[in-house]
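Notes for the one structure printed next.
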Amino acid sequence: MPIRTYGPNAVDWEERIDFDRLRRERLDRLRAALDRSELGALLAFDFANIRYMTSTHIGTWAVDKLIRFALLPRGGEPIVWDFGSAARHHQLYNPWLDGTNRARAGISTLRGAFHPSAGIADDVAAKIARVLADHGLQNEPVGIDVAEMPVLAALQEQNLSVVDGQQVFLEARRIKTPDEIALLAHAASMVDAAYDELYGFLRPGVRENECVGVVSKVLYDLGSEYVEGVNAISGERCSPHPHVYSDRIVRPGDPAFFDILHSYNGYRTCYYRTFAVGSASPAQRDAYTRCREFIDHAIAEVKPGATTADIVSLWPRADEFGFPDEEAAFALQYGHGVGLSIWEKPIFSRLVSLDHPEVLEEGMVFALETYWPAADGWSAARIEEEVVVTADGCEVITKFPAEELLVAGRKYWTVGGELNSLRESQSHLNTNGATP
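For the sequence shown, position 371 (counting from the first letter as 1) is numbered 404 according to the numbering used here, and the numbering increases by one without interruption.
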């Protein structure tokens with residue numbers, strides 16, 4: 034049975050995404066990962082890990098400020114210290130945190146914006162130390178995902194053993210629950226709609242930044258929580274890939290590829306598509322065909338028990354498409370987990386996966402993305418599909434058509450009929466009098 038998607042509303046006549054179950058199962062998985070480790074507690078400053086642990090959210094405006102933190106003691110319940118009145122909101126609306134017991138006011142160092150002598154880092158460390166002592170864990174190692182140096186030093190001054198906890202968080206998040214998969218599929222369906230709108234909008238004369246605006250409006254109208262970014266890349270900017278949109282004006286015959294990254298109830302997308310504007314050259318078509326073949330061969334091998342090494346071995350080496358080594362070509366032939374953040378486990382890259390393979394398991398969700406520069410020296414193709422590992426293979430949840438290169442923009446008519454959509458962008462190269 035295919036992965037189901039639903040309307041965003043809650044209804045009494047159909048079982049849809051169960052958010053109570055989502056909260057419970059995420060915390061259960063994190064507890065299990067903690068129990069398998071040698072840690073006494075997990076301390077999170079990363080927004081995705083805080084959300085996974087506590088099911089709290091205060092908006093993406095604060096995602097880069099390291100102002101909130103949460104602690105899961107071994108054998109205990111999670112506690113979140115949050116930004117000002119957000120803690121009061123949690124006490125009123127997040128009953129799974131038991132009111133004031135585990136939703137508390139607290140703030141970290143604002144990436145150093147607080148004056149160091151204010152003692153904020155020491156206060157954070159004291160809060161953590163008290164809870165650990167209450168649970169008899171003061172002598173056990175504390176795993177942290179990310180932390181500012183003053184906070185790290187303050188924790189050590191409390192005689193706490195501080196170690197890397199990010200691997201425990203990522204291990205818990207590696208396999209998705211059924212509700213997580215449903216949320217990821219819904220997020221992808223919103224991008225399906227965005228691409229449909231973009232396909233109708235894309236034409237000579239529009240700018241890359243306008244395309245970003247069109248996509249963002251569709252996503253926010255459909256209920257997106259956060260449009261993290263839209264990579265809009267066109268024309269000569271396609272090779273090498275700059276990974277950032279500009280205000281370039283799209284021209285006839287341009288390739289244009291896009292990566293749409295957004296969040297629905299915290300769950301993300303990473304979803305590329307490539308178009309030709311008005312027409313495509315033979316070189317552009319050939320680059321797209323190569324790109325499609327690489328990703329299709331990879332998808333065909335996705336199943337439980339396969340490894341990331343099995344997948345990346347099907348992709349070209351860096352020196353086969355113009356780069357000196359795998360570090361220089363990183364993220365062009367690539368794969369990564371998708372969940373509350375992008376670039377989760379597992380990672381697929383010839384840089385690491387051949388020597389450090391990871392085994393694929395049912396319930397994993399990840400994106401596979403391929404790239405190929407065209408023989409003309411300036412254009413390129415980029416495709417990305419998100420897949421869910423099933424019991425006997427996988428299912429693709431990114432469904433905007435991509436099996437062949439789509440041509441966007443109006444059709445042009447000549448005195449002899451419809452203008453061929455497979456043509457060079459320079460007209461003289463398409464006439465009988467053109468020289469090689």
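From the three backbone atoms N, C-alpha and C, an ideal C-beta is built for every residue, glycine too. Please read these numbers as outputs of a predicted model, since none were measured by experiment.
Counterpart residues of residue i in DSSP-defined beta bridges
i	result
Ser-279	BP columns for Ser-279 are empty, so no partner.
Asn-264	Asp-292
Leu-75	Leu-105 and Gly-176
His-369	Ile-380 and Ala-400
Leu-455	Ala-313
Pro-285	None; Pro-285 has no bridge partner.
Trp-405	Ala-414
Ala-136	Val-113
Beta-carbon contacts of residue i that lie in its chain and below 7 Å, excluding the five residues immediately before and after
i	result
Arg-318	Leu-438 and Leu-455
His-276	Asn-264
Ala-435	Arg-306 and Ile-416
Glu-451	Lys-444
Val-164	Leu-104, Pro-106 and Ile-112
Ala-472	Absent from the model: residue 472. The displayed extent of the chain is 34 to 469, so no value can be given.
Ala-227	Val-248, Val-251, Leu-252 and Ile-293
Ala-221	Thr-302, Tyr-304, Glu-419, Ile-430 and Thr-431
Val-316	Just to set this straight, residue 316 is Ala in the shown sequence, not Val. Only Ala-407, Ala-408, Asp-409 and Ser-412 meet the Cβ criterion.
Closest Cα partner of residue i within the set the options
i	options	result
Ala-74	Pro-174, Ile-375 and Asn-192	Pro-174
Ala-158	Trp-129, Asp-131, Leu-193 and His-168	Leu-193
Glu-230	Ile-293, Trp-114, Asn-134 and Leu-143	Ile-293
Ser-382	Tyr-278, Phe-80 and Pro-349	Pro-349
Met-86	Arg-144, Gln-199, Gln-171 and Trp-46	Gln-199
Leu-67	Gln-191, Asp-79, Tyr-300 and Asp-197	Asp-197
Gly-132	His-123, Ala-138 and Ile-140	His-123
Leu-492	Lys-432, Asp-115 and Val-201	Any question about residue 492 goes unanswered here, given that the chain covers just 34 to 469.
Leu-373	Thr-210, Phe-290 and Ser-386	Thr-210
Asp-425	Tyr-404, Glu-395, Glu-418 and Leu-401	Glu-395
Phe-102	Gly-108, Asp-79, Thr-93 and Gly-92	Asp-79
Asp-409	Gly-442, Asn-453, Leu-365 and Pro-288	Pro-288
Ala-136	Gly-152, Val-96, Ser-118 and Thr-322	Ser-118
Ile-332	Val-422, Arg-284, Val-283 and Gly-262	Val-422
Ala-336	Asp-156, Val-429, Ile-266 and Thr-447	The sequence as given places Lys at residue 336; Ala does not occur at that position. Closest by alpha carbon: Val-429.
Neighbourhood of residue i by C-beta, 8 Å cutoff - its chain only, sequence neighbours within 5 removed
i	result
Glu-334	Asp-343, Ile-344 and Leu-347
Trp-477	Not covered by the structure: residue 477. The range shown for the chain is 34 to 469.
Ala-186	Ala-154
Pro-379	Arg-207, Thr-341, Gly-368, His-369, Gly-370, Glu-391, Leu-393, Met-397 and Phe-399
Tyr-39	Glu-47, Arg-49, Ile-50, Ala-215 and His-219
Cys-427	Ile-332, Val-335, Lys-336, Val-420 and Val-421
Val-310	Leu-235, Arg-236, Pro-237, Ser-267, Val-283, Arg-284, Pro-285, Gly-286, Asp-287, Pro-288, Ala-289, Val-440, Ala-441 and Gly-442
DSSP state of residue i mapped onto helix, strand, coil
i	result
Arg-219	The sequence shown places His at residue 219, not Arg. Three-state result, His-219: helix.
Val-422	strand
Arg-62	helix
Thr-210	coil
Lys-160	helix
Arg-69	helix
Lys-378	strand
Tyr-445	coil
Asp-115	strand
Pro-35	coil
Arg-236	coil
Trp-348	coil
Arg-306	strand
Pro-128	helix
Pro-183	helix
Trp-46	coil
Asp-53	helix
Glu-428	strand
Thr-89	coil
Thr-341	helix
Inter-residue Cα distance where the pair is residue i and residue j
i	j	result
Gly-338	Ala-362	27 Å
Ile-50	Ala-43	8 Å
Ser-249	Val-260	6 Å
Ser-257	Ser-460	42 Å
Gly-238	Val-245	15 Å
Gly-176	Leu-76	6 Å
Leu-203	Leu-63	9 Å
Ser-141	Leu-255	34 Å
Gly-286	Ala-441	10 Å
Gly-166	Trp-129	One point to set straight first is that residue 166 is Ala, not Gly, in the sequence displayed. So the two alpha carbons sit approximately 23 Å from each other.
Trp-94	Gly-449	56 Å
Pro-357	Leu-365	13 Å
Gly-108	Leu-188	21 Å
Glu-377	Ser-312	37 Å
Arg-323	His-330	11 Å
Ser-386	Val-201	20 Å
Sequence-distant residues of the same chain with beta carbon closer than 6 Å to residue i, five excluded per side
i	result
Ser-296	Glu-258 and Tyr-259
Ser-279	Glu-241
Glu-457	Ser-314 and Asn-463
Arg-59	Tyr-85
Ala-205	Arg-62, Leu-63 and Ala-66
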